[in-house]
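Some notes on the structure that comes next.
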Ligand code: HEM
Ligand SMILES: [Cu+2]
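Residue numbers (this note's numbering), protein chains in the order written: chain A, 1 to 185; chain B, 186 to 757.
What follows is the structure, given as structure tokens:
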């Protein structure tokens, strides 16, 4: 009735609830920051170059995700494999970089208990990291076992990849907000 | 007809993906949890009626850390209160109303073979089940279950015992469950309606579920965030909700500081106000179906109802801070929340008015479900009207956190919503089982419940006006509370009798499965909506052939027809 498939409408609704989730987190950030006596500049505490690298990685992965879907639209399954594989690899790369960042902090005994700034930093990036991990699982599924559907029902498979892509762009978008808010402001 | 015959017991009843089986699972689990929650309340009512006296017989069954010698300890009382509220709201009423009634009825009423995502549907039930088990298990961890109220306000909840961590994990599971459920409902209602079933031909119950799903979808995530932050506070040493400089039992608390307990309240009530409508809207939907069917007249103002419920859903997101007038907000803020609260009461009044006008001039059939539906109207009205003083700061400040508040919201959820849900059980029982529940027992159940519920909750207004706090463990040590102690005794007797009356319901429910009067047709109430056009009980896949809809949902007594009802799917 909306001209969308069930799964596409479903993913849009899910993303609406995700907007509320991250919206509440950002509101929390604003409330804590405006209520604090002083608030550090993220750039003086966090590793901006690494985060910039990660931003590039995620944006690139969004591009490869679109290419993966477009390859399916053009009936080129081999190309799809390639681009989807790249997307998953880039996502893994993001997590590895993030892991280095976390590791460096923990080495200096900086944890969520250090200050409210670090508490919100770890919580927001942690939740975002979990979303990235979710994306890796979903995309990894469509890369290997899930891609069997391509042979029997290519249209449905393309639809699923499109829905996964919408989710992936959302994860990307959240990071694009997180990066300036935590690292630059 | 269906392939369900050659499925094993486990596939058919436990891990089924059929929305009707899942609906029944939800409903039965919800009823069991309602009963658990009810038992916790009966224990609390012992302490309140006879403070400090040992509980005869049953008291001996409890451990020494909760009720040594049968006398209830304050911590245990607090756990009972917190868990009663949590269990009733999140494990009882919502799963029964949305998971049970919604799952069973929405696909049938829109003429669909199943929900849009059947596997997701099963997953959401099992998430709920796990969340419930985790919640309940918390009674058995050291320190006992959560005891900071069902609202879990920090700083208390941040430093409470392990039960609170269980509470938080349980909530995260429940939130996940309702997220999956609400996506499923919305997609189902938007995409799977039968041919001819436009939005303005939907039964009102479906509209109610539709709006409810949006509330669940959009209001729960902030609470999830709150839960995660509180888990961080409790497990990772952050201090989102702990301000600097807290001193506990003489020792300063070593926190990183800078947090805000009010932050929790905002996140919590941003969910919990819409949650109120999650409790009440399905009930209004059920009551509407029953009333229209039993007055044999069209709904007085169908579109008015629909617009009201949409407006209500929208407004419910902007009034949350009326629970926070005591937190020292400025006048501009409090004016905003007072005004929006007054505005949101308008659609409720409209809905009630429409239902009452529908009764006007009808030839009412006083069936058992109709008893429950009729009783809902004044109970909901009392609940709603007593809410108005709570929406205005001048009167809320003295009333806040007294028994008046407890009376107010219980009128909405207990004599209100619960009566409606019971009415729904009696009304759709013949569809689900092919048999009727016993009418005489049903009427005893109705009158007993109706009288006892009022016996419990009406005196709460008196206590509240007398200034009795809602979380007193030992009311008799305060002079102002001592004066109304008699009402506590009366309320507790009402509560225990109410418990006995529910045994009649349970007996009737199970006996009727085997011995109830068999229905003569698939449509014993002569109703118009699509769920009655299926075989009884409906098979897997629901309809024998795809139904087509020709008219609105409530064509009763249409002119020029011999029968006094005109089903939606009957061409002429
Ligand atoms: C049917 C009989 C019921 C009785 C006799 C009853 C009684 C009580 C009592 C005595 C309290 C404690 C008040 C206090 O903290 O001092 C309470 C709290 C509460 N009840 Fe009920 N209740 C009933 C049903 C329900 C239902 C159906 C719901 C929800 C759908 C519910 C939700 C709550 C909540 C949320 C609280 C607040 C807990 C807190 O803030 O500590 N109750 N109830
Ligand atoms: Cu409210």
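Yeah, the Cβ is synthetic: ideal placement off N, Cα and C, and Gly gets one too.
Model, not experiment: these values are computed from the prediction.
Indicate the three-state DSSP secondary structure (helix, strand or coil) for residue 119 (chain A) in the structure shown. Here residue 119 (chain A) refers to the residue found at position 119 when the first chain is read from its first residue. Looking at residue 119 (chain A) - three-state DSSP - the assignment turns out to be helix.
Use the C-beta contact count for residue 94 (chain A): other C-beta atoms within 10 angstroms, 16 or more gives buried, fewer gives exposed. Locating residue 94 (chain A) in the first chain gives position 94, where the first residue counts as 1. Residue burial is scored here from C-beta neighbours: residue 94 (chain A) has at least 16 other C-beta atoms within 10 angstroms and is therefore classed as buried.
Write down the C-beta distance between residue 668 (chain B) and residue 680 (chain B) rounded to the nearest angstrom, noting that I regard them as a contact closer than 8 Å. By one-based count along the second chain, residue 668 (chain B) stands at place 483. By one-based count along the second chain, residue 680 (chain B) stands at place 495. With a beta-carbon spacing of about 21 Å, residue 668 (chain B) and residue 680 (chain B) fall beyond the 8 Å limit used to define contacts.
Please return the same chain residues whose Cβ sits closer than 6 Å to the Cβ of residue 289 (chain B), not counting the five positions on each side in sequence. In the second chain, residue 289 (chain B) corresponds to position 104, counting from 1. Correct list, in chain order: 205, 208.
Please give the ranges of any alpha helix (DSSP H) in the stretch 342–384 of chain B, keeping only runs that are unbroken, at least 4 residues long and fully inside the region. The stretch 342–384 of chain B contains these whole alpha helix (DSSP H) runs: 348–376.
Residue range of the alpha helix (DSSP H) that includes residue 554 (chain B): The count along the second chain starts at 1 and reaches residue 554 (chain B) at position 369. Here the alpha helix (DSSP H) through residue 554 (chain B) covers 553–572.
Residue 741 (chain B) and residue 713 (chain B) look like a contact to me (Cβ under 8 Å); what is the Cβ gap, rounded to whole Å? By one-based count along the second chain, residue 741 (chain B) stands at place 556. By one-based count along the second chain, residue 713 (chain B) stands at place 528. Indeed, because the Cβ distance is near 7 Å, the residues count as touching under 8 Å.
Could you tell me whether the Cβ of residue 515 (chain B) comes closer than 8 Å to any Cβ of chain A? Along the second chain, one-based indexing puts residue 515 (chain B) at 330. Judged by the 8 Å Cβ criterion, residue 515 (chain B) is not in contact with chain A.
Closest Cβ-Cβ distance between residue 86 (chain A) and chain B: below 8 Å? Counting from one through the first chain, the residue named residue 86 (chain A) turns up at place 86. Not a single C-beta of chain B is nearer than 8 Å to the C-beta of residue 86 (chain A).
Buried/exposed call for residue 749 (chain B), threshold 16 Cβ in 10 Å: Here residue 749 (chain B) refers to the residue found at position 564 when the second chain is read from its first residue. Result: exposed.
When the Cα atoms are used, what is the spatial distance from residue 188 (chain B) to residue 350 (chain B)? Residue numbering aside, residue 188 (chain B) sits at position 3 when the second chain is read from its first letter. Residue numbering aside, residue 350 (chain B) sits at position 165 when the second chain is read from its first letter. With a pLDDT of 48 at residue 188 (chain B), under the threshold of 50, the predicted position of this residue should be treated as unreliable, and no value is reported.
Compute the minimum distance between the beta carbon of residue 585 (chain B) and the heavy atoms of ligand 2, and state whether it is under 7 Å. By one-based count along the second chain, residue 585 (chain B) stands at place 400. No, the Cβ of residue 585 (chain B) stays beyond 7 Å of every heavy atom of ligand 2.
Taking CB distances under 8 Å as the criterion, tell me whether residue 417 (chain B) reaches chain A. To locate residue 417 (chain B), count along the second chain from 1; it is residue 232. It does; some Cβ of chain A falls within 8 Å.
Going by alpha carbons, who is nearest to residue 27 (chain A) out of B:408, B:308, B:303? Residue mapping note: residue 27 (chain A) aligns to position 27 of the first chain, counting from 1. Ranking B:408, B:308, B:303 by Cα distance to residue 27 (chain A) puts B:408 first.
Is residue 134 (chain A) buried or exposed, if buried means 16 or more other CB atoms sit within 10 Å of its CB? Taking the first residue of the first chain as 1, we reach residue 134 (chain A) at position 134. Burial call: exposed.
Examine the Cβ distances between the stretch 578–595 of chain B and the stretch 444–457 of chain B and report whether three or more of them are shorter than 8 Å. Output reads no: the stretch 444–457 of chain B does not touch the stretch 578–595 of chain B.
If you drop the 5 nearest sequence neighbours on each side, which residues of the same chain put their C-beta closer than 6 Å to that of residue 312 (chain B)? As a working note, residue 312 (chain B) is residue 127 in the second chain. Here residue 312 (chain B) has 358, 361, 362 as same chain residues with Cβ atoms under 6 Å from its own Cβ, once five neighbours each way along the sequence are excluded.
Measure the C-alpha to C-alpha separation of residue 294 (chain B) and residue 266 (chain B) and round it to an integer number of angstroms. For this step, residue 294 (chain B) is matched to residue 109 along the second chain. For this step, residue 266 (chain B) is matched to residue 81 along the second chain. Their backbone Cα atoms lie some 38 Å apart in a straight line.
Does at least one heavy atom of ligand 2 sit under 7 Å from the Cβ of residue 181 (chain A)? Residue numbering aside, residue 181 (chain A) sits at position 181 when the first chain is read from its first letter. False, no ligand heavy atom lies under 7 Å from that Cβ.
I'd like the list of long-range same chain contacts for residue 42 (chain A), defined as Cβ closer than 7 Å, with 5 residues on each side in sequence excluded. As a first step, residue 42 (chain A) must be located in the first chain, where it is residue number 42. So the qualifying residues of the chain are 182, 183, 184, 185.
Could you check if residue 451 (chain B) belongs to the surroundings of ligand 2, using beta carbon to heavy atom distance under 7 Å? If you number the second chain from 1, residue 451 (chain B) lands on position 266. Flag unset: Cβ of residue 451 (chain B) not near ligand 2.
Pairwise C-alpha distance: residue 218 (chain B) and residue 372 (chain B): The residue labelled residue 372 (chain B) in the question sits at position 187 within the second chain. The residue labelled residue 218 (chain B) in the question sits at position 33 within the second chain. Looking at the two C-alpha atoms, the distance is approximately 28 Å.
Using a Cβ cut-off of 8 Å (strictly closer), state whether residue 296 (chain B) contacts chain A. As a working note, residue 296 (chain B) is residue 111 in the second chain. Under the Cβ distance rule, residue 296 (chain B) does not count among the residues neighbouring chain A, no pair being separated by less than 8 Å.
Can you tell me whether residue 504 (chain B) sits near ligand 2, meaning its C-beta is under 7 Å from at least one heavy atom of the ligand? Locating residue 504 (chain B) in the second chain gives position 319, counting from the first residue. True, at least one ligand heavy atom lies under 7 Å from that Cβ.
Nearest-angstrom Cβ-Cβ length linking residue 90 (chain A) and residue 128 (chain A), presumed shorter than 8 Å: Taking the first residue of the first chain as position 1, residue 90 (chain A) is located at position 90. Taking the first residue of the first chain as position 1, residue 128 (chain A) is located at position 128. Taking the Cβ atoms as the reference, residue 90 (chain A) lies roughly 15 Å from residue 128 (chain A), outside the contact range of under 8 Å.
Classify residue 96 (chain A): buried if its beta carbon has 16 or more other beta carbons within 10 angstroms, exposed otherwise. Stepping through the first chain from its first residue, residue 96 (chain A) is reached at position 96. Here residue 96 (chain A) is exposed, its C-beta having fewer than 16 other C-beta atoms within 10 Å.
Less than 8 Å between the CB atoms is what I'm expecting for residue 561 (chain B) and residue 472 (chain B), so what's the real figure, rounded? Numbered from its first residue, the second chain carries residue 561 (chain B) at position 376. Numbered from its first residue, the second chain carries residue 472 (chain B) at position 287. Contact between residue 561 (chain B) and residue 472 (chain B) holds: CB atoms are separated by about 5 Å, below the 8 Å threshold.
Contacts of residue 35 (chain A) in chain B (Cβ-Cβ under 7 Å): As a working note, residue 35 (chain A) is residue 35 in the first chain. What residue 35 (chain A) touches in chain B: 445.
Option in B:755, B:236, B:480, B:718 with minimal Cα separation from residue 259 (chain B): Against the second chain, residue 259 (chain B) aligns to sequence position 74. Closest by alpha carbon: B:236.
Under a Cβ-count criterion, where at least 16 other Cβ atoms within 10 Å of its own Cβ denotes burial, should residue 545 (chain B) be classed as buried or exposed? Taking the second chain and counting its residues from 1, the one referred to as residue 545 (chain B) is at position 360. So residue 545 (chain B) ends up on the exposed side.
Under 8 Å, CB to CB, which of the residues in the stretch 88–107 of chain A have a partner in chain B? For the stretch 88–107 of chain A, which is checked against every Cβ of chain B, not one residue is closer than 8 Å.
Rank B:263, B:464, B:241, B:638 by C-alpha distance to the C-alpha of residue 254 (chain B) and give the top, closest one. Here residue 254 (chain B) refers to the residue found at position 69 when the second chain is read from its first residue. Per the Cα distances, B:241.
Under 8 Å, Cβ to Cβ, is there at least one residue of chain B near residue 20 (chain A)? Residue mapping note: residue 20 (chain A) aligns to position 20 of the first chain, counting from 1. Using beta-carbon distances, residue 20 (chain A) counts as an interface residue toward chain B, with a partner under 8 Å.
Judging by CA-CA distance, which residue of B:683, B:425, B:282, B:551 is the nearest neighbour of residue 390 (chain B)? One-based indexing of the second chain puts residue 390 (chain B) at position 205. Nearest of B:683, B:425, B:282, B:551 to residue 390 (chain B), Cα basis: B:282.
Please report the Cβ distance between residue 527 (chain B) and residue 112 (chain A), rounded to the nearest whole angstrom; I am assuming they are in contact, meaning their Cβ atoms lie under 8 Å. Numbered from its first residue, the second chain carries residue 527 (chain B) at position 342. Numbered from its first residue, the first chain carries residue 112 (chain A) at position 112. That belief does not hold up - the Cβ atoms of residue 527 (chain B) and residue 112 (chain A) are roughly 42 Å apart, past 8 Å.
Would you decide whether residue 568 (chain B) is buried or exposed? Buried here means 16 or more other CB atoms lie within 10 Å of its CB. In the second chain, counting from the first residue as 1, residue 568 (chain B) sits at position 383. Buried: at least 16 other Cβ atoms inside 10 Å.
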